[in-house]
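Student: Those protein sequences? They're chains A and B, same order as listed. For the first sequence, UniProt numbering begins at 1 and goes up steadily by one. For the second sequence, UniProt numbering begins at 1 and goes up steadily by one. Glycine is no exception: its CB is placed at the ideal position from the N, C-alpha and C atoms. This is the structure I want to talk about, given as structure tokens.
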Amino acid sequence: MLTVMRARACPFLMAGLTAAALAFGAAGAQAQDLKIMAPAAPGGGWDQTARAMQQALVQSGAAQSVQVFNVPGAGGTIGIAQFVNTSKGDPNVLMASGYVMMGAILTNKSPVGLDKVTPIARLIQETDAIAVPVNSPLKTVQDLAELVRKDPARVTWAGGSAGGPDHIAAALFTQKVGSDPTKLNYIPFSGGGEALAAILGGKVTAGMSGLGELESQVKAGKLRLLAITQAERIPGLDVPTLKEAGIDVALANWRAIMAPPGLTPDQVKSVTAMIEKMAKSQAWADILKQKGWDDAFLAGEPFVAFLKDENASTADILKSVGLIKP
Amino acid sequence: METFDALLQGLSVAALPGNLIFALIGVLLGTAVGVLPGIGPALTVALLLPVTYKLDPAGSLIMFAGIYYGGMYGGSTTAILINTPGESASMATALEGYRMARAGRGAQALATAAIGSFVAGTIATLGLTFLAPWLVELAVQMGPEDYFALMCVAFVTVSATFGDSPVRGLTSLFVGLAIGLVGIDRLTGQPRLAFGMPELLDGIDVTTLAVGLFAIGEALYVASMRGHATEQVESVRGSLWMSLDDWARSWKAWIRGAFIGFPIGALPAGGAEIPTFLSYSIEKKLSRHPEEFGHGAIEGVAGPEAANNASAAGTLVPLLTLGLPTSATAAMMLAGFQQYGLNPGPLLFAEQPQLVWGLIASLYIANLMLLVLNLPLVGLWVRLLAIPQPWLYAGILVFATMGTIVAKASVTELALLTAFGLMGYVMRRFDYPIAPVVVGLILGPMAETQLRRAMAISLGDPMVLVTSPVSASLLTIAAIALLAPFAMSGLGRFKAAED
Chain A
1 MLTVMRARAC PFLMAGLTAA ALAFGAAGAQ AQDLKIMAPA APGGGWDQTA
51 RAMQQALVQS GAAQSVQVFN VPGAGGTIGI AQFVNTSKGD PNVLMASGYV
101 MMGAILTNKS PVGLDKVTPI ARLIQETDAI AVPVNSPLKT VQDLAELVRK
151 DPARVTWAGG SAGGPDHIAA ALFTQKVGSD PTKLNYIPFS GGGEALAAIL
201 GGKVTAGMSG LGELESQVKA GKLRLLAITQ AERIPGLDVP TLKEAGIDVA
251 LANWRAIMAP PGLTPDQVKS VTAMIEKMAK SQAWADILKQ KGWDDAFLAG
301 EPFVAFLKDE NASTADILKS VGLIKP
Chain B
1 METFDALLQG LSVAALPGNL IFALIGVLLG TAVGVLPGIG PALTVALLLP
51 VTYKLDPAGS LIMFAGIYYG GMYGGSTTAI LINTPGESAS MATALEGYRM
101 ARAGRGAQAL ATAAIGSFVA GTIATLGLTF LAPWLVELAV QMGPEDYFAL
151 MCVAFVTVSA TFGDSPVRGL TSLFVGLAIG LVGIDRLTGQ PRLAFGMPEL
201 LDGIDVTTLA VGLFAIGEAL YVASMRGHAT EQVESVRGSL WMSLDDWARS
251 WKAWIRGAFI GFPIGALPAG GAEIPTFLSY SIEKKLSRHP EEFGHGAIEG
301 VAGPEAANNA SAAGTLVPLL TLGLPTSATA AMMLAGFQQY GLNPGPLLFA
351 EQPQLVWGLI ASLYIANLML LVLNLPLVGL WVRLLAIPQP WLYAGILVFA
401 TMGTIVAKAS VTELALLTAF GLMGYVMRRF DYPIAPVVVG LILGPMAETQ
451 LRRAMAISLG DPMVLVTSPV SASLLTIAAI ALLAPFAMSG LGRFKAAED
């Protein structure tokens, strides 16, 4: 009887072993078997960046297989904490990062900061844009400025995590139109998808989000763009910059790729070479064009210096608009 | 009729012999990986996505759908057989399914889960086909106050999972709510109850909690009872097939499950957990055999499994029509599309109809294939229960631990799993229900975030909770559900007199 039972149990054990083998194999030891963490909910900017990299890395032959996994929440500070904790010394795991994370680390007083990771390269930048639903009474950015001047607390904004570029841009907007940025009523969402739903549903006065996340809804005639936040106009897009509208705000959201702490110099070199190969490939160029992102490749020492400068200036902005309490 | 033609065309592509083989491989792979606790369908797809990369778009999407549904099916199989829900959405299934399995009715539980998934999948696919554009308009109108009201309904109705003593149930719920507070606050980014441990900043993972409480707790409990009078586990009692009575009790639950799961799944913040628990509670309330709940009531498996499957199809509504991936699963679907440079969004239906319909059709095929494959295997699966108890439970411990490590390789996670296992043992020992803990962890943070968002948007005016029509109706339903039992107990006396 016992033998019968054992024989019966066999398929189950086999299935289990196969499963384990598959799971561990995929997490695997192969050097080219890369994982990229998107430290935000699916659909948002980092998620899109990580998935675009996945595509370009494989198509350009820089890596054999790439997986993307999401660790959402609190402007990426949850993701970076896990990244530093669980991936130390592992050159096969990378993390998408950027301005959002830098701001969130400052406002959250996160115990784990960007100084804990190994910077690899800045890849792209993207402007933020202010959007309203098509049926909104706000037709121009001046209409919105007027409303903010009247009572900033009554203007609700939807955007990404607290302390991120969307939050900073909304705060700067409020300040530069001559209103009190500490009264800003900003509602953070942890993923681009969720914020977009709130903007589309007219739950907030305006949305502040990356242009790429808004674009398909604009093309579909559901949203209207009032302005973009970067200093220069985007060719082919009939939307004014905030500067043109007389509001002194210039801000672009950069995104970068980071490696875990504890890598040897040789490992850093080979990871950087892999990312550079991807960034110079036709596949990457095609994706940038398709997504409307600007190439902003910067690696090595200059990137480290850039991070330092940006961190100092971001801290200033956050303090001046009251997002960091002294 | 245009959509119908498009669906038929999708089906004809998916039914090509080559594509059927892809579907078969996908279903087998998915089931194999899906039986590991801690690895839900989304993670299964993530792990196996690279496998599909080299195929053509149709073959890849079809295999992908197979993996996804296979993973989901594997998760409910372990929930029923060894009380180890592969993901939070199959938790409700474990409640009754495992009791059924221990009473020798595992085969019927697996069958009603498989057929229910198929029926609900079919209804939801039809819903997706004909209602998607209309439903999505409604879905984006849901504001934070409406979500908060929906959570209230869920809170009130899941009290059905509280067992016989409301006080014990509420105690469990509050333990869950407290666990839900751990981690970084989503609205302000401040750490709470993390005690300076960066590992805790991520918050507590629902699967770790569920696997610890359900599987490890149960294994410890059974071990502690060894030598005492243990309840007799029968692997099979009577026929393997569902009896007429089983069918009669299941079919309504399947349909109700589908109608609960699909619309909630379509909401941008709906998810799969709320509909499965709602379905469980509703089945318990409507059942003619409420006394069987907690001891293996077939409706308690049929409803939640149907709701789970329908909500998965529901998440495709915002994904395909708006490009909003609203769940981990939908994000993986997005990745599947993006392999081919496609961006789901408002224009996808118009620009790439053959792929969209191909995907929908392949979900359908995968579902059918699972049904055909698994029904004959049901007899084999339940033999598992004939393994001598010490071996079986040792195997469960290994499985649960392995699943957790694969999903999240960290010592803290293992320590948490062990701690929750001990907690599960203590709770079972002293007869506290464990489901409300998990419910609290899932719903608590969601309800908090939505309420605070609603308050921020309304400038602190609580009236927004009753001025929004959706919110007002949902809160009314919650109030009725809360008060009805008291009113009913009065009515019950008349009813008893009539009988």
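Can a CB atom of chain A be found closer than 7 Å to the CB of residue 500/B?
Tutor: Any property of residue 500/B remains undetermined from this structure, which presents chain B solely from 1 to 499.
Student: Counting pairs of beta carbons, one from the stretch 388-401 of chain B and one from the stretch 205-224 of chain B, are three or more of them closer than 8 Å?
Tutor: The stretch 388-401 of chain B, when compared against the stretch 205-224 of chain B, does touch it at the 8 Å Cβ threshold.
Student: Using a Cβ-Cβ cut-off of less than 7 Å, give me the residues of the stretch 263-279 of chain B that come near chain A, in sequence order.
Tutor: 268, 269
Student: Indicate the three-state DSSP secondary structure (helix, strand or coil) for residue 223/A in the structure shown.
Tutor: strand
Student: Closest by CA to residue 185/B, which one among 154/A, 256/A, 108/A?
Tutor: 108/A
Student: Ends of the alpha helix (DSSP H) at residue 157/A?
Tutor: Not the alpha helix (DSSP H): residue 157/A falls in the beta strand (DSSP E), residues 156-159.
Student: Can you tell me the Cα-Cα spacing of residue 151/B and residue 443/B, whole angstroms?
Tutor: 7 Å
Student: Measure the beta-carbon distance from residue 183/B to residue 417/B and round it to whole angstroms, keeping in mind my assumption that it falls under 8 Å.
Tutor: Distance from residue 183/B to residue 417/B at the Cβ level is roughly 17 Å; contact not present, criterion being Cβ atoms closer than 8 Å.
Student: Is it buried or exposed, residue 272/B, if we count other Cβ atoms within 10 angstroms and call 16 or more buried?
Tutor: buried
Student: Could you please give the first and the last residue of the uninterrupted beta strand (DSSP E) stretch that includes residue 208/A?
Tutor: 206-210
Student: Would a check of beta-carbon distances place residue 184/B closer than 7 Å to chain A?
Tutor: Yes, residue 184/B counts as interfacial toward chain A.
Student: Taking only runs of the alpha helix (DSSP H) that begin and end inside the stretch 416-486 of chain B, which ones reach a length of at least 4 residues, in chain order?
Tutor: 435-457, 464-467
Student: In three-state terms, what does DSSP make of residue 127/A?
Tutor: strand
Student: Just the C-alpha distance for residue 161/A and residue 182/A, rounded to the nearest angstrom, thanks.
Tutor: 17 Å
Student: Determine the chain B residues that contact residue 201/A at a beta-carbon separation under 8 Å, and present them in chain order.
Tutor: 140, 141, 142, 143
Student: Assess contact between the stretch 103-111 of chain B and the stretch 72-86 of chain B, defined as three or more Cβ pairs (one per stretch) separated by less than 8 Å. Is contact present?
Tutor: yes
Student: Quick one: is residue 351/A near chain B, going by C-beta distance under 7 Å?
Tutor: Residue 351/A is absent from the structure shown; chain A starts at 1 and stops at 326.
Student: Within this structure, are the beta carbons of residue 57/A and residue 66/A separated by less than 7 Å?
Tutor: In this structure, residue 66/A lies closer than 7 Å to residue 57/A by Cβ.
Student: Would you decide whether residue 150/A is buried or exposed? Buried here means 16 or more other CB atoms lie within 10 Å of its CB.
Tutor: exposed
Student: Would residue 156/A pass as an interface residue toward chain B - the criterion being a Cβ-Cβ separation below 7 Å?
Tutor: yes
Student: Tell me which residues share the same chain as residue 114/A and place their Cβ nearer than 8 Å to its Cβ, disregarding the 5 neighbours each side in the sequence.
Tutor: 80, 97, 101, 102, 105, 258, 307, 311
Student: Taking buried to mean at least 16 other C-beta atoms within 10 Å of its own C-beta, is residue 167/A buried or exposed?
Tutor: buried
Student: Taking only the alpha-carbon atoms, compute the straight-line gap between residue 154/A and residue 140/A and give it to the nearest angstrom.
Tutor: 18 Å
Student: Would you say residue 188/B reaches chain A, if we count a Cβ-Cβ gap shorter than 7 Å as a contact?
Tutor: yes
Student: Grab the span of the beta strand (DSSP E) containing residue 35/A for me, first residue to last.
Tutor: 33-38
Student: Compute the Euclidean distance between the alpha carbons of residue 321/B and residue 140/B, then round it to the nearest angstrom.
Tutor: Their Cα atoms are separated by approximately 11 Å.
Student: State whether the stretch 116-134 of chain A contacts the stretch 216-233 of chain A, with contact taken as three or more CB pairs (one from each stretch) at a distance under 8 Å.
Tutor: yes
Student: Rounded to the nearest angstrom, what separates residue 299/B and residue 296/A at their Cα positions?
Tutor: 57 Å
Student: For residue 197/A, would you say it is in contact with chain B, using Cβ-to-Cβ distances shorter than 7 Å as the test?
Tutor: With 7 Å as the cut-off, residue 197/A counts as an interface residue toward chain B.
Student: With DSSP run on the structure shown, which of helix, strand or coil describes residue 298/B?
Tutor: Here residue 298/B sits in coil by DSSP.
Student: How would you list, in chain order, the residues of chain A whose beta-carbon sits under 9 Å from the beta-carbon of residue 459/B?
Tutor: 153, 154, 156, 185
Student: Tell me the rounded alpha-carbon separation between residue 318/B and residue 363/B.
Tutor: Roughly 17 Å between the two C-alpha positions.
Student: For residue 293/B, which of helix, strand or coil comes out of DSSP?
Tutor: coil
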